[in-house]
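Asks:
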Amino acid sequence: QNTLVVPYNNTKAVEQIFRLYPKEIAAVIVEPVAANMGVVPPQPGLLDSLRKVTREFGALLIFDEVITGFRFHYGAIAQQLNITPDLICLGKIIGGGLPIGAYGGSEKIMRFLAPAGPVYQASTFAGNPLVMRAGASALSVLRKNAAGYARINAFTMQLVTGLTHAARAQGVDLGLRHYGSMFSLRFKNPGQFKVFYNHMRQAGVFLAPSEFEANFVSFAHTHADITYTIYAAQEAFKKL
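Heads up, the sequence shown is in our numbering, so the first residue is -17 and it goes up one at a time.
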């Protein structure tokens, strides 16, 4: 009852909701690149519009970068897009494979947190030494190999192109969306994904188990991995 849901990539809907509740909206929270409904890139101007309308009505803009943070370059995607949100939420990559969550923002906002401010916050596992060590090591590897981001982005483009051509060759109606090193698949026939997923798993290719989840190309992947994945998909499409 305290949350208003607005369609992604719909700036008019956001503006309308602010005009309906001009003094009641505390914040807008958004994935700068949607990855929890398949990969959906922001339309041109979306994030700039959100920054503008939140400032106009005195609301905070919060970027959920749990997935996108450190995914496309060494840092938050907000930096790449030249958008400055009031708060950023991070996770996943910064934990080096261990469970972690982090958030940050402007000094003006963060000073509200204890012990500097009145808002109490605590966690049993906050600053857990094992997680901090894993996260620091992961970020160190990414920083030293920052040039690798361009490589995995290129691998993703190669993979998406190969999967698209392979699906068309077998008459499979498949939609693919990607952004940087993320991609997702959506079959027009809803029953085909499960069959495709199982064939790929049997071939040793582990995809996200839902069309609503994103798949990721990582620094560990090689050109041979991409080539094999396309080959395995070609064989799987033949069985649909």
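For each residue, glycine too, the CB sits at the ideal point set by N, CA and C. All values derive from a computational prediction rather than experimental measurement.
Going by alpha carbons, who is nearest to Ala185 out of Leu112, Ala196 and Asp207?
Replies: As a working note, residue 185 is residue 203 in the sequence shown. Of Leu112, Ala196 and Asp207, the smallest CA-CA separation from Ala185 is found for Asp207.
Asks: Measuring CB to CB, does Ile76 end up less than 7 Å from Gly117?
Replies: Within the sequence shown, numbered from 1, the residue matching residue 76 stands at position 94. Within the sequence shown, numbered from 1, the residue matching residue 117 stands at position 135. Closer than 7 Å, so yes.
Asks: Can you list the alpha helix (DSSP H) stretches of 4 or more residues lying completely in the segment 187 to 211, in chain order?
Replies: none
Asks: Hey, Gln25 and Asn(-9): beta-carbon distance below 7 Å or not?
Replies: What you label residue 25 is simply residue 43 of the sequence shown in a count that begins at 1. What you label residue -9 is simply residue 9 of the sequence shown in a count that begins at 1. Against a cut-off of 7 Å, the Cβ pair of Asn(-9) and Gln25 comes out as a contact.
Asks: Could you pull the DSSP bridge partners for Asp46 from this structure?
Replies: As a first step, residue 46 is located in the sequence shown; it is residue number 64 there, counting from the start. In the DSSP output, where bridge partners are listed per residue, Asp46 has Cys71.
Asks: Enumerate in chain order the residues of its own chain whose CB-to-CB distance from Val15 is below 6 Å, with the five nearest sequence positions on each side excluded.
Replies: As a first step, residue 15 is located in the sequence shown; it is residue number 33 there, counting from the start. Taken in chain order, the residues that qualify are Pro23, Thr50 and Tyr161.
Asks: What residue range does the beta strand (DSSP E) around His160 cover?
Replies: Mapped onto the sequence shown, residue 160 falls at position 178. Segment Leu156 to Tyr161, the beta strand (DSSP E) holding His160.
Asks: Give me the Cα-Cα distance between Thr(-15) and Glu47, rounded to the nearest whole angstrom.
Replies: Counting from one through the sequence shown, the residue named residue -15 turns up at place 3. Counting from one through the sequence shown, the residue named residue 47 turns up at place 65. Distance between the alpha carbons of Thr(-15) and Glu47: 19 Å.
Asks: I'd like the list of long-range same chain contacts for Asp68, defined as Cβ closer than 7 Å, with 5 residues on each side in sequence excluded.
Replies: On the sequence shown, position 86 is the one that residue 68 refers to. Closer than 7 Å at Cβ, skipping near neighbours: Leu42, Leu43, Ile44, Gly87, Ser88 and Ile91.
Asks: Write down the C-beta distance between Ser163 and Asn127 rounded to the nearest angstrom, noting that I regard them as a contact closer than 8 Å.
Replies: Position 181 of the sequence shown, counted from the start, is the residue given in the question as residue 163. Position 145 of the sequence shown, counted from the start, is the residue given in the question as residue 127. The pair is not a contact, with the Cβ atoms about 13 Å apart (cut-off 8 Å).
Asks: Express the C-alpha separation of Thr138 and His203 in angstroms, rounding to a whole number.
Replies: Residue numbering aside, residue 203 sits at position 221 when the sequence shown is read from its first letter. Residue numbering aside, residue 138 sits at position 156 when the sequence shown is read from its first letter. Cα to Cα, His203 sits roughly 10 Å from Thr138.
Asks: Thinking C-beta only, is Asn197 closer than 7 Å to Leu189?
Replies: For the purposes of this step, residue 189 is identified with residue 207 of the sequence shown, where counting begins at 1. For the purposes of this step, residue 197 is identified with residue 215 of the sequence shown, where counting begins at 1. Yes. Within cutoff.
Asks: Could you tell me which residues DSSP pairs with Ala9 in its beta bridges?
Replies: The residue labelled residue 9 in the question sits at position 27 within the sequence shown. Note: Ala9 sits in a beta bridge opposite Leu42.
Asks: Are the Cβ atoms of Val154 and Leu72 separated by less than 7 Å?
Replies: Counted from its first residue, the sequence shown places residue 154 at position 172. Counted from its first residue, the sequence shown places residue 72 at position 90. The answer is no: Cβ separation not under 7 Å.
Asks: Checking the sheet assignment: what are the DSSP bridge partners for Met92?
Replies: As a position in the sequence shown, residue 92 is number 110, starting the count at 1. DSSP, once it has assigned bridges, lists no residue as partnering Met92.
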